[in-house]
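Q: First the structure, then my questions, so here it is.
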Amino acid sequence: MSRPVSTYRLQLTPDFGFARVAELAPYLRDLGVSHVYLSPILQAVPESRHGYDVTDHSRIREEFGGAKGFKEMAGQLAAHDLGIVVDIVPNHMTVPVPESGNLQLWEVLKDGSASRFARWFDIDWAGGKVAMPVIGDATEPVEDGEVVRYHDHEFPVGGHYRLVDWRQGPGYRRFFDVSSLIGLRVEDPEVFFATHEVIFWLIDEGLIDGLRVDHPDGLADPQGYLEALRRRSGGLWTVVEKILIGEERLPEEWACHGTTGYEVLNRVTRLFTDASHEAELVGLYAEFTGWPAEYEPVMIAAKREVVDLFFQAEVSRLARSAGVDPAAVAELLVAMPVYRAYVRPGGKPSPEAVAIVQRAAASCSPAVLSLVEQVLYGSADVVTRFQQTTGPVMAKGVEDTALYRWFPLSCLNEVGGEPDQFGLGLDDFHAYAATLRPTSMTTLSTHDTKRSEDVRARLAVLSELPQEWAAQVREWSARVSFDPHLDYLAWQNLAAAWPITAERFTDYLLKAAREAKTRTSWVRQDHDYEEGLRSFAAEAVRLPIGEFTERLDPHAMVNSLGQKLVQLMLPGVPDVYQGNETTDFSLVDPDNRRPVGYPRVPACAWDEAKLRLTRQALLLRRRLDPALPYEGMAAEGAAAEHVIAFARGRAAVAVATRLPVRLARRGGWGGTSLMLPPGSWRDLMTGATHTGKIPLAHLLGRYPVALLERHDL
8 MSRPVSTYRL QLTPDFGFAR VAELAPYLRD LGVSHVYLSP ILQAVPESRH GYDVTDHSRI
68 REEFGGAKGF KEMAGQLAAH DLGIVVDIVP NHMTVPVPES GNLQLWEVLK DGSASRFARW
128 FDIDWAGGKV AMPVIGDATE PVEDGEVVRY HDHEFPVGGH YRLVDWRQGP GYRRFFDVSS
188 LIGLRVEDPE VFFATHEVIF WLIDEGLIDG LRVDHPDGLA DPQGYLEALR RRSGGLWTVV
248 EKILIGEERL PEEWACHGTT GYEVLNRVTR LFTDASHEAE LVGLYAEFTG WPAEYEPVMI
308 AAKREVVDLF FQAEVSRLAR SAGVDPAAVA ELLVAMPVYR AYVRPGGKPS PEAVAIVQRA
368 AASCSPAVLS LVEQVLYGSA DVVTRFQQTT GPVMAKGVED TALYRWFPLS CLNEVGGEPD
428 QFGLGLDDFH AYAATLRPTS MTTLSTHDTK RSEDVRARLA VLSELPQEWA AQVREWSARV
488 SFDPHLDYLA WQNLAAAWPI TAERFTDYLL KAAREAKTRT SWVRQDHDYE EGLRSFAAEA
548 VRLPIGEFTE RLDPHAMVNS LGQKLVQLML PGVPDVYQGN ETTDFSLVDP DNRRPVGYPR
608 VPACAWDEAK LRLTRQALLL RRRLDPALPY EGMAAEGAAA EHVIAFARGR AAVAVATRLP
668 VRLARRGGWG GTSLMLPPGS WRDLMTGATH TGKIPLAHLL GRYPVALLER HDL
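FYI, this note's numbering numbers position 483 of the sequence shown as 490, with every residue one higher than the one before it.
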């Protein structure tokens with residue numbers, strides 16, 4: 008078992024399976040990664056492009072090559088000194104169409120609560136039948152032998168279900184508001200082992216070295232689940248997709264090695280964002296869109312709306328269990344500031360958990376007080392279900408609604424981000440970085456990020472150019488206009504993702520508008536509005552957007568290389584998302600899951616520098632002790648705020664430029680210098696050797712970053 012030093016995330020698809028991954032082994036070895044990090048590998052809906060819609064936990068996905076293909080791929084990767092990390096989905100399975108594609112679910116629909124698989128699913132059996140939300144029109148279900156058919160759906164005759172309107176919540180716990188994903192009860196040992204049998208076989212065979220756990224907040228008891236996983240896996244390296252807000256930290260009690268790194272991503276983005284122009288950018292957003300200048304009321308309103316729109320079934324079930332008014336449940340859910348309060352059923356809540364719930368209650372009416380007691384100290388059902396509902400409300404209300412409504416600077420609107428928190432000072436960043444676990448993952452781009460790292464690097468430049476940006480937006484809007492609110496988001500992302508086709512841009516704007524839910528939505532589409540949006544997108548991409556983007560790019564390249572160096576050299580296990588070793592200007596999924604061509608061939612100086620930096624940093628990480636301490640370094644001179652520098656023990660030093668527009672306007676580095684730790688240091692980007700106190704104009708003369716390795720040890 009080898010613990011990952013770094014990972015490279017690959018999105019498996021039916022046309023990019025295990026054989027294609029094996030072909031990349033020489034390229035990935037030369038890039039310097041230690042482990043290939045795969046999207047879910049278990050059998051899913053055959054045409055699935057993401058793999059989170061698992062249908063059968065007993066099989067490795069046939070479309071990828073099955074078990075045989077996996078073993079052959081693992082052998083090829085191992086021959087190139089590459090291990091494997093896999094993404095696992097313990098929270099849910101899919102409700103496929105037709106429903107017979109999920110054997111366990113089909114048996115439950117046929118035999119009801121007496122089914123041998125009834126314990127698998129988190130079902131509300133009130134009334135003796137589970138509600139299946141599929142009805143969408145006046146068409147009547149048709150009985151066809153042993154099967155009931157409704158369009159492409161099929162169900163066993165008789166059975167223990169009732170078909171209801173698709174807008175109605177299902178009679179089972181789901182993933183967020185997605186009724187096609189049904190919640191699993193992995194807290195049950197039988198379900199735990201049955202749904203992990205293939206994963207445990209791969210571990211026992213020595214074919215995988217790590218796990219990424221999808222959405223642990225959805226589980227009844229994440230702490231208990233992770234403890235069971237650690238026992239059975241023998242302590243395999245495991246990270247969790249846990250979104251942490253603000254100063255929230257991963258509970259020490261969770262038996263894992265860390266998170267997938269969104270909290271690092273957001274701080275790195277803020278490090279390269281200029282806070283001095285916050286008021287101007289917020290003012291411009293409010294002026295242009297007519298929306299409030301404060302984020303919090305927008306966020307609270309969005310959470311309240313999604314509770315009313317999507318989570319009435321969950322609210323009603325919680326209210327019934329707690330014996331309180333549904334309005335009290337909704338009020339407390341909306342007020343919760345984080346995804347989970349970490350209260351375990353039957354245990355004494357920690358002071359931190361009590362503080363989180365009481366903080367939420369402080370902004371509520373007295374009607375929630377009895378619910379607060381039950382959420383902290385009540386029955387297992389109330390404690391568990393409240394914990395399982397806060398995450399979906401946060402995800403849908405913040406990630407998928409508020410962040411599409413309030414966007415003065417949209418590089419801050421990332422998963423787990425706080426869009427009203429502009430900038431991060433050097434001292435605060437150093438203090439945070441020094442606390443990072445050496446085993447936790449760090450990242451800049453993922454399959455779930457709303458914008459790739461290079462899109463965010465361009466957007467960060469706008470934080471330094473508020474007046475130029477305002478003039479540009481007014482010029483474009485005078486030529487093409489549609490909806491002032493959507494327009495402002497559109498201009499940011501069009502400039503930052505340029506060049507982009509009309510088709511890609513239209514798809515992005517349609518998703519953004521539907522997520523915002525102000526003029527159209529996924530469930531109530533306004534076709535006239537969406538036709539106008541399509542016309543706007545087609546006209547907008549014909550404007551000379553590239554002229555403005557070209558002015559951004561010298562500075563965006565500085566941000567891109569700087570944030571890449573910082574992420575790759577921080578304590579932790581750095582992940583590179585497919586293709587992001589060179590420039591990538593992708594927007595939210597599915598745009599960021601498009602096929603990637605290999606090998607990555609530099610098409611410009613930015614590509615060349617980013618690929619060189621990524622390779623040198625990853626190779627260096629393979630030579631370094633991952634436990635080396637982080638030591639922040641301070642430059643001396645008038646431009647000291649424009650450099651982020653830190654050492655990893657006495658073995659490596661990373662130096663990156665930040666806020667490049669202001670640096671250029673002040674005339675460059677001048678006499679600003681950096682004192683290197685004792686010894687002789689070789690810059691892996693240029694090959695030059697440095698010692699002692701060095702002018703930054705010299706150190707960063709060729710590239711805006713320096714990666715130094717001590718070579719006199």
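Ideal Cβ placement from N, Cα and C applies to all residues, glycine included.
1. Count the CB pairs spanning the stretch 404 to 424 and the stretch 627 to 636 that are closer than 8 angstroms, and state whether there are at least three.
2. Three or more beta-carbon pairs under 8 angstroms between the stretch 153 to 162 and the stretch 97 to 111, yes or no?
3. Closest to residue 630 by CA distance: which of 572, 596, 717, 556 is it?
4. Can you grab the Cα-Cα spacing for the pair residue 189 / residue 336, in whole Å?
5. Between residue 108 and chain D, is any beta-carbon pair separated by less than 8 angstroms?
6. Are residue 71 and residue 95 touching if we call contact CB-CB under 8 angstroms?
7. Assuming residue 574 and residue 431 are in contact, meaning their beta carbons sit under 8 angstroms apart, how far apart are those beta carbons, in whole angstroms?
8. For a minimum of 4 consecutive residues, which ranges assigned as the alpha helix (DSSP H) are wholly contained in the stretch 494 to 567?
9. Just list the alpha helix (DSSP H) runs in the stretch 352 to 402, keeping only unbroken ones of 4 residues or longer that don't cross its boundaries, in chain order.
10. Helix, strand or coil: which one does DSSP assign to residue 749?
11. DSSP has residue 645 in a bridge; who is on the other side?
12. If I measure Cβ to Cβ from residue 367 and keep anything under 7 angstroms in the same chain, skipping five residues before and after, which residues do I get?
13. Please give the ranges of any alpha helix (DSSP H) in the stretch 199 to 274, keeping only runs that are unbroken, at least 4 residues long and fully inside the region.
14. Are the CB atoms of residue 127 and residue 198 nearer to each other than 8 angstroms?
15. Taking the runs of the alpha helix (DSSP H) that are 4 residues or longer, which of them lie wholly in the stretch 12 to 37?
16. For residue 640, write down the residues that DSSP places opposite it in a beta bridge.
17. State the beta-bridge partners of residue 49 as determined by DSSP.
18. Taking DSSP as the reference, what is the three-state secondary structure of residue 686?
19. Straight-line CA distance for residue 258 to residue 402?
20. Hey, which unbroken runs of the alpha helix (DSSP H) at 4 residues or more fall wholly within the stretch 317 to 344?
21. Could you spell out the range, first to last residue, of the alpha helix (DSSP H) harbouring residue 475?
22. Which residues does DSSP pair with residue 99 in a beta bridge?
23. Are residue 559 and residue 470 closer than 8 angstroms when you measure CB to CB?
24. What would DSSP say about residue 436, mapped onto helix, strand or coil?
25. In the DSSP assignment, the alpha helix (DSSP H) including residue 80 goes from what residue to what residue?
26. Between the Cα of residue 203 and the Cα atoms of 305, 275, 482, 63, which residue gives the shortest distance?
27. Taking DSSP's pairing of strands, which residues face residue 90 in a bridge?
28. With H, G and I counted as helix, E and B as strand and the rest as coil, what does DSSP make of residue 163?
29. Write down the C-beta distance between residue 655 and residue 278 rounded to the nearest angstrom, noting that I regard them as a contact closer than 8 angstroms.
30. Determine, using beta-carbon pairs with one atom in the stretch 262 to 269 and one in the stretch 240 to 251, whether at least three such pairs fall under 8 angstroms.
31. So the alpha helix (DSSP H) residue 282 belongs to, where does it begin and stop?
32. Report yes if the CB atom of residue 92 is closer than 8 angstroms to the CB atom of residue 177, and no otherwise.
33. Report the three-state DSSP secondary structure of residue 680 (helix, strand or coil).
34. Throw me the rounded Cβ distance for the residue 65 and residue 205 pair, which I believe falls under 8 angstroms.
35. Which partner residues does residue 183 have in the DSSP bridge list?
36. Sorted by chain position, which residues of the same chain lie with C-beta nearer than 7 angstroms to residue 150's C-beta, five sequence neighbours on each side aside?
A: Reading it off the structure:
1. They do not touch, by the three-pair rule.
2. Short answer: they touch.
3. Here the question's residue 630 lines up with position 623 in the sequence shown. Closest by alpha carbon: 717.
4. As a first step, residue 189 must be located in the sequence shown, where it is residue number 182. As a first step, residue 336 must be located in the sequence shown, where it is residue number 329. A straight-line Cα-Cα distance of about 22 angstroms links residue 189 and residue 336.
5. In the structure shown, chain D cannot be found, because there is only a single protein chain.
6. Indexing the sequence shown from 1 puts residue 71 at position 64. Indexing the sequence shown from 1 puts residue 95 at position 88. Not in contact: residue 71 and residue 95 (Cβ atoms no closer than 8 angstroms).
7. Sequence index remark: in the sequence shown, residue 574 carries index 567 (1-based). Sequence index remark: in the sequence shown, residue 431 carries index 424 (1-based). That belief does not hold up - the Cβ atoms of residue 574 and residue 431 are roughly 14 angstroms apart, past 8 angstroms.
8. As summarised for the stretch 494 to 567, the continuous alpha helix (DSSP H) elements at least 4 residues long and confined to that stretch are 509 to 523, 534 to 547, given in chain order.
9. Listed in chain order, the complete alpha helix (DSSP H) runs (minimum 4 residues) inside the stretch 352 to 402 are 358 to 369, 376 to 384, 387 to 401.
10. Residue coverage of the chain in this structure runs from 8 to 720, which leaves residue 749 outside it and unanswerable.
11. Translated into the one-based positions of the sequence shown, residue 645 becomes position 638. Answer is none; residue 645 lacks a bridge partner.
12. By one-based count along the sequence shown, residue 367 stands at place 360. For residue 367, where only same-chain residues beyond five positions count, the Cβ hits under 7 angstroms are 339, 342, 343, 344.
13. List check, alpha helix (DSSP H) in window: 204 to 211, 229 to 240.
14. In the sequence shown, residue 127 corresponds to position 120, counting from 1. In the sequence shown, residue 198 corresponds to position 191, counting from 1. Closer than 8 angstroms, so yes.
15. The qualifying runs are 25 to 30.
16. Counted from its first residue, the sequence shown places residue 640 at position 633. Partner residues in the beta bridge of residue 640, as assigned by DSSP, are 652.
17. Position 42 of the sequence shown, counted from the first residue, corresponds to residue 49. Under DSSP, residue 49 takes part in a beta bridge, and its partners are 67.
18. Stepping through the sequence shown from its first residue, residue 686 is reached at position 679. Looking at residue 686 - three-state DSSP - the assignment turns out to be strand.
19. Numbered from 1 along the sequence shown, position 251 holds the residue referred to as residue 258. Numbered from 1 along the sequence shown, position 395 holds the residue referred to as residue 402. As the crow flies, the alpha-carbon of residue 258 is around 20 angstroms from that of residue 402.
20. Those alpha helix (DSSP H) runs which fall completely within the stretch 317 to 344 and span 4+ residues are 319 to 329, 333 to 342.
21. For this step, residue 475 is matched to residue 468 along the sequence shown. Per DSSP, residue 475 belongs to the alpha helix (DSSP H) from 473 to 486.
22. Numbered from its first residue, the sequence shown carries residue 99 at position 92. Beta-bridge pairing links residue 99 to 190.
23. If you number the sequence shown from 1, residue 559 lands on position 552. If you number the sequence shown from 1, residue 470 lands on position 463. Not closer than 8 angstroms, so no.
24. Translated into positions along the sequence shown, residue 436 becomes position 429. Helix at residue 436.
25. Start at 1 with the first residue of the sequence shown, and residue 80 comes out as number 73. Residue 80 -> alpha helix (DSSP H) spans 73 to 86.
26. One-based indexing of the sequence shown puts residue 203 at position 196. The candidate whose alpha carbon is nearest that of residue 203 is 63.
27. In the sequence shown, residue 90 corresponds to position 83, counting from 1. DSSP output for residue 90 lists 42 as bridge partner(s).
28. The sequence position of residue 163 within the sequence shown is 156, counting from 1. Strand at residue 163.
29. Position 648 of the sequence shown, counting from 1, holds the residue named residue 655. Position 271 of the sequence shown, counting from 1, holds the residue named residue 278. With a Cβ gap of about 17 angstroms, residue 655 and residue 278 do not count as contacting.
30. Yes: the two stretches touch, three or more of their Cβ pairs being nearer than 8 angstroms.
31. As a first step, residue 282 must be located in the sequence shown, where it is residue number 275. From DSSP, residue 282 is part of no alpha helix (DSSP H); its letter is neither H nor E.
32. Position 85 of the sequence shown, counted from the start, is the residue given in the question as residue 92. Position 170 of the sequence shown, counted from the start, is the residue given in the question as residue 177. No, the Cβ-Cβ distance between residue 92 and residue 177 is not below 8 angstroms.
33. Position 673 of the sequence shown holds residue 680. Strand.
34. As a working mapping, residue 65 is identified with position 58 in the sequence shown. As a working mapping, residue 205 is identified with position 198 in the sequence shown. About 7 angstroms separates the beta carbons of residue 65 and residue 205, which is inside the 8 angstroms limit, making them a contact pair.
35. Locating residue 183 in the sequence shown gives position 176, counting from the first residue. Bridge partners of residue 183: none, in fact.
36. Here the question's residue 150 lines up with position 143 in the sequence shown. 164, listed in sequence order.
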